[in-house]
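0 is the number of the first residue of the sequence shown in numbering that gives the first Met the number 0; add one for each residue after it. Every residue, glycine too, gets a C-beta built ideally from N, C-alpha and C. Below is one structure, written out as structure tokens, with a few remarks after it.
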Amino acid sequence: MDAMAVSGAGLRAAEAQFTTSASQVVRSVAPAPARASGGSSGGLASGDDLASGLVGQMTALAGYRANAKVFEAADRMAKVTIDLIG
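Listed below in structure tokens is the structure:
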């Protein structure tokens with residue numbers, strides 16, 4: 000398998016996970032819309048939503064960093080291989 004392709008896919012997956020969890024964080028801290036009957040807003044969402052969204056962001060960041068390191072290592076290996084051949 001091509002390490003750069005695999006790490007690239009991992010980078011895209013981490014980006015998607017980060018985007019999803021960021022949306023979850025925004026939804027958890029945004030006030031709920033006002034009721035149609037004219038009542039007050041429903042307040043904030045559960046703290047569990049915020050916590051799981053933040054954990055998702057930290058997990059995505061760790062995945063992104065790990066895949067970036069794999070990509071960098073594969074790039075260095077490719078350069079060394081070219082230097083050895085050339």
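What residue range is occupied by the uninterrupted alpha helix (DSSP H) comprising residue 52? For residue 52, the enclosing alpha helix (DSSP H) stretches over residues 46-84.
Okay, do the segment 49-57 and the segment 23-32 touch, 3+ Cβ pairs below 8 Å being the bar? yes
With distances taken between CB atoms, is the gap from residue 20 to residue 46 smaller than 7 Å? Residue 20 is not a Cβ neighbour of residue 46, given a cutoff of 7 Å.
Residues near residue 85 by beta carbon distance below 6 Å, same chain, minus five either side: none
For residue 14, which residues from the same chain have a beta carbon less than 8 Å from its beta carbon, with the 5 sequence-adjacent residues on both sides left out? Taken in chain order, the residues that qualify are 59, 63.
Please classify residue 5: does DSSP put it in a helix, a strand, or coil? helix
Just to confirm my understanding: we take residue 2, look at its own chain, exclude 5 residues before and 5 after, and list those with CB closer than 7 Å. What are they? Spatial neighbours of residue 2 in its own chain (CB-CB distance under 7 Å, excluding positions within 5 residues in sequence) are listed in chain order as 69, 73.
Under a three-way DSSP split, which group does residue 13 fall into? helix
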